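Report on the structure given below.
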Amino acid sequence: MSVSARTGLVPSRTVKLAPSILACDFSRLGEELSAIAGADYAHVDVMDGAFVPNISFGLPILAAARRASALFMDVHLMIERPERYLRDFAEAGADGITVHVEATQHLHRAVQSIRELGKRAGVTLNPGTSLEAVRPVLADVDLVLVMSVNPGFGGQKFLPASLERVRTLRRWLDELGSEAEIEVDGGVTPANARALADAGATVLVAGSAVYGPDGGAAGLERLRAALI
């Protein structure tokens, strides 16, 4: 259930924007989601305090976001043994679910389970993990997420080596004829958005760069303008 056409390294390629609700004001969740209604996805970062050194939120917040918005819910599970909760997140409103290669011993099975639930299946890995770790499942996924910071906290600075990781994945996916998206999460701003798109990214996640002092709508527009 891939959601994008195959693209090469073409500057005019359409890039989707996925504001991270981790950076929003949860006391105004419905309003914050309305402010980014022009986005392509709402990115939902779930952290368990074990796989990453922080705890964010879980199923109730996803369910509330689902009730408040028609946006595609792009759920990124930064949790140990994510296969235990795939059905729960699917039923709570996830449209896509991404799991870490480091968090499960049965990556193929996790990807298959996500697709059997009728959801877009994504895979990701930490910046210090070799890209070779995702290569065995590239033909089976709908999305590969490149973490451009070490996961666990918002507001971190972009790791420049991530650009080369995006280029490598773009080449591998094109060689396979895969339609999988390449998503980038961590330190994405208007200053690096164009470079990421040119490297082959097709989905950009941004939290603090979108939910700034002037609100999500203005932040989203700045990010989109940087891609023109």
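Under the numbering used here, the sequence shown is numbered contiguously, ending at residue 1011. All C-beta atoms, glycine included, are put in the ideal place defined by N, C-alpha and C. Values in this document were obtained by computation on a predicted structure and should not be read as measured data.
| Item | Value |
| --- | --- |
| Residue 974, DSSP secondary structure in three states | coil |
| Chain-order list of residues whose beta-carbon lies under 6 angstroms from that of residue 788 (same chain, five-residue window excluded) | Since pLDDT at residue 788 reaches only 32, below the 50 mark, its modelled position is unreliable, and the value read off the structure follows with that caveat. Cβ within range, chain order: n/a, list empty. |
| Three-state class that DSSP yields for residue 881 in the structure shown | strand |
| Neighbourhood of residue 967 by C-beta distance below 6 angstroms, restricted to the same chain and skipping five residues each side | 929, 931, 979, 984, 987 |
| Beta-bridge pairing of residue 926 - partner residues as DSSP gives them | 905, 964 |
| Closest residue to residue 816 among 832, 845, 919 (Cα-Cα distance) | 845 |
| Start and end residues, beta strand (DSSP E) containing residue 826 | 824–830 |
| Nearest-angstrom beta carbon gap, residue 977 and residue 1009 [assumed within contact, 8 angstroms] | 6 angstroms |
| Best match in 839, 912, 821 for proximity to residue 828 [C-alpha to C-alpha] | 839 |
| Other residues of its chain near residue 956: CB distance less than 6 angstroms, five sequence neighbours each side excluded | 963 |
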